[in-house]
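A.B. asks: Residue numbers (the working numbering): 1087 to 1682.
Before I ask anything, let me first share the structure, which is written out below as structure tokens.
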RNA sequence: GCCACUUUAGCUCAAUUGGUAGAGCAGCUGAUUUGUAAUCAGCAGGUUAAGGGUUCAAGUCCCUUAGGUGGCUCCA
């Protein structure tokens, strides 16, 4: 079908048969090609409007494309419409994309002459004799291709934002201007994508956090969230949910100090490897570090006594508040903060109990994520270049994780060389209501700490053995997870998570007493309620409760007082008729219990 | 940290080319006693993020600081 018209002609001829075979993949590929061509067209437009600009790279990315440019004049978001107009002219001109293969030396000379130093630098790094030059109209660019046959095929595009980006991502290099855009093969898809972006903006947890009065930030503490009553309720409920699971699954819980002397951090290796990200404080000539992780403190607890293989796996949880110095530019709402609570746990295992322990954690992750309606994907990361331990240790450790995944028949992707320096790990990426993914849960096998802290247990043979240690977090950062939940539910939390579950709305203050009676009954059942005794009309009270996204509204007036009932209004289903108060309580308790 | 943008009442936003800072909502007071998404009236609310400069005159132009937003290899 339409697929190959998006390929550059030569490639298309080559791939013709295969293309037919793998339509889906090729649809993706054609979109990628289209976007890549869009980035070339944008570069052409920019060179027209900003002559003398130097081009970096301009790839297609997941949802669009970008081009990095050292612009001759600063480019701001206000300039984007003009650039779009110029791009449209290029599209209308129907320039064919043509490919030419030339020698690398010739290409270097060509781009030198064109005054494109970044391209020259790229060329010098290319390990081939021949390179491709793509041309459309007066514009030519070094490019692997493929491209669409003609500029006219770019039917739906939009430039989105301008930002800074270091040349080749290195802070020591020049800062270029990166212009982001997106393109689709039809206007409808583009519209849908832009609508999705709008939708994402509406459910931005920073916006909803303010509107729903959940949390705040202050200049006095950049990256340090303040939890307000309703937000803290959310956070506490998440912790409570996890604690219930801990009890079910044989965890114990501890709490270790927020700050500990530097000697600990020197021993743990944080002093050498993580100091840049830590906060420090000093008193009586002693240096203290505010903990960026809970593990070293937890290890001191482990070390307090002898451990037997009989207690393994030993599962020690800690909802620890950690602080990390994140660079000011990377802070982002609750997603990236400097102080956060982890649902941390350390599991100490023997080689015999390792696999079982991993399986248990994976099952817990599955249970928790499903409770929120998240789908998720799993990644296994293996030994990186710079790492500690023997090949054999890594082999056993990685196999332990892999066997657990295989045992549970879980699909996972392998990230070769992406593990931590101290061990392999399994990461969980959850998918939210509008298709975005977030990395949250992690299981990391640690071969470093048991060595450094000489952590042992007494085996069946009466001898000391090195213990195996797992770090695990399921929410990850509770702050971040809360942010994700806010966006996932767009602020409409399920009943069990709603800070206010029921609003009681008397039709007029004549019925306040009856409302108070109902309130009492609900409070007894620990239902979180909020009554509106203001002298406003019912419509106003409903609107207010509705905007606060309260799941249930109970309207009480003359009819209800007489019949001893409540009129139920659900935030989405609307008027739900009248029920006896006890009936409503039974219903809501059931819903609450099921976390549905 | 770096690049660009940004910061006006508690919140959302106005304020011609530089010429006395406004509105809605929220708050408070009063009236109203209300039936499924906003009752009416009045009051109060600001060193325009902070500091400096240019100017007869700065919310508006320039500089510094702080906060926020979008980004900072998804590798021709």
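Each residue gets a CB set at the ideal place from its N, CA and C atoms; glycine is no exception.
Any chance you could list the alpha helix (DSSP H) runs of at least 4 consecutive residues sitting entirely within the region 1530 to 1597, in chain order?
C.D. replies: 1535 to 1538 and 1564 to 1574
A.B. asks: Rounded to whole angstroms, what's the CA-CA distance from residue 1589 to residue 1564? Just pull it up for me.
C.D. replies: Counting from 1 along the first chain, the entry for residue 1589 is found at position 503. Counting from 1 along the first chain, the entry for residue 1564 is found at position 478. C-alpha separation (whole angstroms): 27 angstroms.
A.B. asks: CA-CA distance, residue 1640 and residue 1580?
C.D. replies: The residue given as residue 1640 occupies position 554 in the first chain. The residue given as residue 1580 occupies position 494 in the first chain. Approximately 17 angstroms between the Cα atoms of the pair.
A.B. asks: I'd like to know if the region 1565 to 1574 and the region 1588 to 1604 are in contact, where contact means that at least 3 CB-CB pairs between them fall below 8 angstroms.
C.D. replies: no
A.B. asks: Nearest CA to the CA of residue 1409: which residue from 1392, 1428 and 1221?
C.D. replies: As a working note, residue 1409 is residue 323 in the first chain. When only C-alpha atoms are compared, the closest one is 1428.
A.B. asks: Buried or exposed for residue 1204, please, with buried defined as at least 16 other CB atoms from any protein chain shown within 10 angstroms of its CB.
C.D. replies: Here residue 1204 refers to the residue found at position 118 when the first chain is read from its first residue. Within a 10 Å sphere around the beta-carbon of residue 1204 sit 16 or more other beta-carbons, which makes this residue buried.
A.B. asks: Assuming residue 1544 contacts residue 1392 (C-beta within less than 8 angstroms), just tell me the rounded distance between them.
C.D. replies: Position 458 of the first chain, counting from 1, holds the residue named residue 1544. Position 306 of the first chain, counting from 1, holds the residue named residue 1392. In this structure residue 1544 touches residue 1392 by the C-beta definition: roughly 6 angstroms separates them, less than 8 angstroms.
A.B. asks: Return the residue from the list 1553, 1220 and 1245 that minimises the CA-CA distance to residue 1185.
C.D. replies: Along the first chain, read from residue 1 onward, the residue named residue 1185 stands at position 99. Comparing Cα positions, the closest option is 1220.
A.B. asks: With a Cβ-Cβ cutoff of 7 angstroms, do residue 1532 and residue 1509 count as a contact?
C.D. replies: Here residue 1532 refers to the residue found at position 446 of the first chain. Here residue 1509 refers to the residue found at position 423 of the first chain. Yes, they are a contact pair.
A.B. asks: Please state whether the Cβ-Cβ distance between residue 1234 and residue 1123 is less than 7 angstroms.
C.D. replies: Position 148 of the first chain, counted from the first residue, corresponds to residue 1234. Position 37 of the first chain, counted from the first residue, corresponds to residue 1123. Contact: yes.
A.B. asks: For residue 1626, which of helix, strand or coil comes out of DSSP?
C.D. replies: Counted from its first residue, the first chain places residue 1626 at position 540. Here residue 1626 carries a helix assignment [DSSP, helix/strand/coil].
A.B. asks: Between the alpha carbons of residue 1573 and residue 1163, how many angstroms are there, rounded?
C.D. replies: The residue given as residue 1573 occupies position 487 in the first chain. The residue given as residue 1163 occupies position 77 in the first chain. The alpha-carbon atoms of residue 1573 and residue 1163 are separated by roughly 26 angstroms.
A.B. asks: Determine the DSSP secondary structure at residue 1656, reduced to helix, strand or coil.
C.D. replies: Against the first chain, residue 1656 aligns to sequence position 570. Judged by DSSP in its simplified three-state form, residue 1656 adopts strand.
A.B. asks: So the candidates are 1383, 1230 and 1570; which of them puts its Cα closest to the Cα of residue 1418?
C.D. replies: Position 332 of the first chain, counting from 1, holds the residue named residue 1418. It is 1570.
A.B. asks: Less than 7 angstroms separating the beta-carbons of residue 1480 and residue 1488?
C.D. replies: Counting from one through the first chain, the residue named residue 1480 turns up at place 394. Counting from one through the first chain, the residue named residue 1488 turns up at place 402. No, they are not a contact pair.
A.B. asks: From residue 1578 to residue 1674, what distance separates their C-alpha atoms?
C.D. replies: Walking along the first chain from the start, residue 1578 turns up at place 492. Walking along the first chain from the start, residue 1674 turns up at place 588. Distance between the alpha carbons of residue 1578 and residue 1674: 16 angstroms.
A.B. asks: Can you look up residue 1088 in the DSSP assignment and give me helix, strand or coil?
C.D. replies: Here residue 1088 is taken as the residue at index 2 of the first chain, counted from 1. Confidence at residue 1088 is low in this model, with a pLDDT of 30, below 50, so its placement is unreliable and no value can be given for it.
A.B. asks: Is residue 1528 helix, strand or coil when you go by DSSP?
C.D. replies: Position 442 of the first chain, counting from 1, holds the residue named residue 1528. DSSP places residue 1528 in strand when its eight states are reduced to three.
A.B. asks: According to DSSP, what are the bridge partners of residue 1639?
C.D. replies: To locate residue 1639, count along the first chain from 1; it is residue 553. Note: residue 1639 sits in a beta bridge opposite 1589 and 1655.
A.B. asks: Once the 5 residues before and after residue 1624 are set aside, which same chain residues still bring their CB inside 6 angstroms of it?
C.D. replies: Taking the first chain and counting its residues from 1, one reaches residue 1624 at position 538. Scanning its chain for C-beta atoms nearer than 6 angstroms, with the 5 sequence neighbours on each side dropped, one finds around residue 1624 the residues 1593, in chain order.
A.B. asks: Three-state secondary structure (DSSP) at residue 1304?
C.D. replies: Taking the first chain and counting its residues from 1, one reaches residue 1304 at position 218. Secondary structure of residue 1304 (DSSP, three-state): coil.
A.B. asks: For the structure I just gave you, are there three or more beta carbon pairs, one from the region 1186 to 1197 and one from the region 1205 to 1215, closer than 8 angstroms?
C.D. replies: yes
A.B. asks: Looking only at DSSP bridge pairs, what is residue 1182 linked to?
C.D. replies: Position 96 of the first chain, counted from the first residue, corresponds to residue 1182. Note: residue 1182 sits in a beta bridge opposite 1236.
A.B. asks: Could you spell out the range, first to last residue, of the beta strand (DSSP E) harbouring residue 1617?
C.D. replies: Walking along the first chain from the start, residue 1617 turns up at place 531. From DSSP, the beta strand (DSSP E) with residue 1617 extends over 1615 to 1617.
A.B. asks: Distance, Cα to Cα, residue 1467 vs residue 1500?
C.D. replies: Position 381 of the first chain holds residue 1467. Position 414 of the first chain holds residue 1500. Straight-line Cα distance between these residues: approximately 6 angstroms.
A.B. asks: Tell me whether residue 1408 sits in a helix, a strand or coil according to DSSP, three-state version.
C.D. replies: Here residue 1408 refers to the residue found at position 322 when the first chain is read from its first residue. If DSSP states are grouped into helix, strand and coil, residue 1408 belongs with the strands.
A.B. asks: Reducing DSSP to helix, strand and coil, say where residue 1166 ends up.
C.D. replies: Translated into positions along the first chain, residue 1166 becomes position 80. Note: residue 1166 maps to helix in three-state DSSP.
A.B. asks: Helix, strand or coil for residue 1147, going by three-state DSSP, please let me know.
C.D. replies: Indexing the first chain from 1 puts residue 1147 at position 61. Correct three-state label for residue 1147: strand.
A.B. asks: How would you label residue 1432, buried or exposed, when you count the other beta carbons within 10 angstroms and need 16 or more for buried?
C.D. replies: Here the question's residue 1432 lines up with position 346 in the first chain. Classification for residue 1432: buried.
A.B. asks: Which one of 1506, 1652 and 1457 has the shortest CA to CA distance from residue 1475?
C.D. replies: On the first chain, position 389 is the one that residue 1475 refers to. Taking the Cα of residue 1475 as reference, the smallest distance to any Cα among 1506, 1652 and 1457 is reached at 1506.
A.B. asks: Out of 1347, 1520 and 1328, point me to the one whose CA is closest to residue 1339's CA.
C.D. replies: In the first chain, the residue the question calls residue 1339 occupies position 253. For the residues 1347, 1520 and 1328, the minimum Cα distance to residue 1339 belongs to 1328.
A.B. asks: So, at 6 angstroms on beta carbons, what are the nonlocal neighbours of residue 1101 in its own chain, with the 5 sequence-adjacent residues on each side left out?
C.D. replies: Sequence index remark: in the first chain, residue 1101 carries index 15 (1-based). In this prediction, residue 1101 scores a pLDDT of 41, lower than 50, which makes its location untrustworthy; the coordinate-derived value is nonetheless stated afterwards. Apart from sequence neighbours up to five positions away, no residue of its chain approaches residue 1101 with a beta-carbon distance below 6 angstroms.
A.B. asks: Report, in whole angstroms, the separation of the C-beta atoms of residue 1260 and residue 1240, which I expect to be a contact under 8 angstroms.
C.D. replies: For this step, residue 1260 is matched to residue 174 along the first chain. For this step, residue 1240 is matched to residue 154 along the first chain. Wrong, their Cβ atoms sit about 29 angstroms apart, outside the cutoff.
A.B. asks: Nearest-angstrom Cα distance between residue 1341 and residue 1549?
C.D. replies: As a working mapping, residue 1341 is identified with position 255 in the first chain. As a working mapping, residue 1549 is identified with position 463 in the first chain. One C-alpha to the other measures close to 30 angstroms.
A.B. asks: Identify, in the order they occur along the chain, each residue of the same chain with its Cβ nearer than 6 angstroms to the Cβ of residue 1092, setting aside the five sequence neighbours on each side.
C.D. replies: Indexing the first chain from 1 puts residue 1092 at position 6. With a pLDDT of 32 at residue 1092, under the threshold of 50, the modelled position of that residue is not reliable, and no figure is offered here.
A.B. asks: Determine, using beta carbons only, whether residue 1320 and residue 1585 come nearer to each other than 7 angstroms.
C.D. replies: Along the first chain, one-based indexing puts residue 1320 at 234. Along the first chain, one-based indexing puts residue 1585 at 499. Yes, they are a contact pair.
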